[in-house]
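J.: Whatever position you read off the sequence shown (first residue = 1), add 16 for the working numbering.
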Amino acid sequence: MIRFFLPLATAAAMLAGTAASLSAAAADAPKAIRACVACHTFEKGGPSKIGPNLYGIAGQPAAKVPGFGKYGEDMKAAAAKGLSWTPENIAAYIADPIGFLKAATGKSEVRTNMIARIRKPEERAAIVGYLQSLKD
Ligand code: HEC
Numbered sequence: 017m018i019r020f021f022l023p024l025a026t027a028a029a030m031l032a033g034t035a036a037s038l039s040a041a042a043a044d045a046p047k048a049i050r051a052c053v054a055c056h057t058f059e060k061g062g063p064s065k066i067g068p069n070l071y072g073i074a075g076q077p078a079a080k081v082p083g084f085g086k087y088g089e090d091m092k093a094a095a096a097k098g099l100s101w102t103p104e105n106i107a108a109y110i111a112d113p114i115g116f117l118k119a120a121t122g123k124s125e126v127r128t129n130m131i132a133r134i135r136k137p138e139e140r141a142a143i144v145g146y147l148q149s150l151k152d
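1) In its own chain, which residues sit with a C-beta less than 7 Å from the C-beta of I134, not counting the 5 before and 5 after it?
2) Do three or more CB pairs link the segment 92–102 to the segment 67–79 at distances below 8 Å?
3) When every heavy atom of the ligand HEM is checked, does at least one fall within less than 6 Å of the C-beta of G88?
4) So for P113, helix, strand or coil by DSSP?
5) Assign I73 to buried or exposed, taking buried as 16 or more other Cβ atoms, counted over all protein chains shown, within 10 Å of its Cβ.
6) Could you tell me the alpha carbon to alpha carbon distance between A36 and G145, rounded to whole angstroms?
7) In the structure shown, what three-state DSSP assignment does P68 receive?
8) Which residue's Cα is closest to the Cα of Q6: I114, F84 and E104?
9) In the DSSP assignment, what residue or residues form a beta bridge with P77?
10) Is any non-hydrogen atom of the ligand HEC found closer than 6 Å to the C-beta of N69, if you look at the structure I gave you?
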């Protein structure tokens, strides 16, 4: 049985190492942000597209990117309830934007143009780590 558990422990250690290096470095853009670039820019001062520029979004209150006038009513309602973009909230939001907004607003029906769904936890972690690295 011990032999059976050793590879699992090794895999866990490797995963932990990956997570640590992601949060440490001012990461290069992970491949997973290909799912975002149609609607978002990431560079400082970048333009709004369908969604707001995401430079510096980590840690900020929701729906406050200057110059982006296209927030949905439900996102604004979530922001009014105090939503901010902690790493956990970003990860939950990009996993399921609709479900996240339902929980954040307490409504059973919500509308949003943010439709990305990142299913793989490691891709969500890479995106969150990257967003956290985008700051002055
Ligand atoms: C189809 C276009 C689209 C795609 C693809 C998309 N987004 Fe969005 N995103 C939006 C829109 C529109 C909003 C504003 C949502 C609202 O008001 O309901 C938004 C909002 C956000 C916000 C909150 C911004 C704020 O100011 O509060 C974050 C964070 C975010 N997106 C991250 C991502 C990430 C990361 C990806 C890729 C995994 C992604 N989005 C993919 C359109 C998109």
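Backbone N, C-alpha and C define an ideal beta-carbon position, used for all residues, glycine too. Please read these numbers as outputs of a predicted model, since none were measured by experiment.
T.: Result, derived from the coordinates:
1) Position 118 of the sequence shown, counted from the start, is the residue given in the question as residue 134. Correct list, in chain order: A48, A51, I110, A111, R140 and I143.
2) yes
3) Absence of the ligand HEM is noted for the structure shown, with the ligand HEC being the only ligands found.
4) For the purposes of this step, residue 113 is identified with residue 97 of the sequence shown, where counting begins at 1. In this structure, P113 counts as helix in the three-state DSSP scheme.
5) One-based indexing of the sequence shown puts residue 73 at position 57. The residue is buried, with at least 16 neighbouring Cβ atoms inside 10 Å.
6) In the sequence shown, counting from the first residue as 1, residue 36 sits at position 20. In the sequence shown, counting from the first residue as 1, residue 145 sits at position 129. Confidence at A36 is low in this model, with a pLDDT of 44, below 50, so the placement of that residue should be treated as unreliable; the coordinate-derived value is given next. In a straight line, the C-alpha of A36 is about 10 Å away from that of G145.
7) Reading the sequence shown from its first residue, position 52 is the one you call residue 68. Three-state result, P68: coil.
8) Within the shown structure, residues of the chain are numbered from 17 to 152, placing residue 6 beyond reach of any answer.
9) Residue numbering aside, residue 77 sits at position 61 when the sequence shown is read from its first letter. Per DSSP, S100.
10) The sequence position of residue 69 within the sequence shown is 53, counting from 1. Checking the Cβ of N69 against the ligand HEC gives no.
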